[in-house]
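Visitor: This is the structure I want to talk about, given as structure tokens.
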Amino acid sequence: GCQAVAKATESQFDLILMDLNMPYKGGVEATLEIRGQIQSRQCQWQNKAAAASGREEAKALDRNQFQVVTEKSHESSNPDEEKSRRSSPLAEPYIVALTASDLDREERAKLMAQKFDDAFVSPITPEV
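Residue numbers for the sequence shown follow the numbering used here, so the first one is 187 and each next one is one higher.
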């Protein structure tokens, strides 16, 4: 759990498979902490965009992403700088709860209320 939060803080992920039973910090606690950190970053970016609105244009990219676009950013010829400008630290990962226990509707609904996007019983057997 602690490692999951640290990794999610250091890097950006599209999908996180979160085991519910982990030592030190469980999957629910780790998920809530990750969601809280993302929400905090979103607020910081929104505040920066609002403060810069007099000299820059804040542009909504989707429901969770904001990017400050300046004339200078369009002139960049550095590929790393361009990649950094396009990626957003505001994107929320899709977090899936994994458990070895059976999930009934009530337990599944409880996980969704705890900010999981989905839940599966492990091991997962892929259908061919």
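Even for Gly, the Cβ is constructed at its ideal location relative to N, Cα and C.
(1) Quick check: the Cα distance between LEU284 and GLN228, rounded to an integer number of angstroms?
(2) Would you decide whether PHE306 is buried or exposed? Buried here means 16 or more other CB atoms lie within 10 Å of its CB.
(3) Look up VAL282 in the DSSP assignment and say whether it is helix, strand or coil.
(4) For the alpha helix (DSSP H) containing ILE224, name the first residue and the last one.
(5) Looking only at C-alpha atoms, which of GLN230, ILE224, ALA295 sits nearest to GLU196?
(6) In the DSSP output, what is GLN203 paired with across the bridge?
(7) In its own chain, which residues sit with a C-beta less than 7 Å from the C-beta of SER308, not counting the 5 before and 5 after it?
(8) Please classify ILE310 as buried or exposed, where buried requires at least 16 other C-beta atoms within 10 Å of its C-beta.
(9) Going straight from the alpha carbon of LYS296 to that of ASP290, what length do you get?
Guide: Walking through what the data contain:
(1) 27 Å
(2) exposed
(3) strand
(4) 213-237
(5) ILE224
(6) A small fix is needed here, since residue 203 is Leu in this sequence, not Gln. LEU203 pairs with VAL282.
(7) LEU284, THR285, ALA286
(8) exposed
(9) 10 Å
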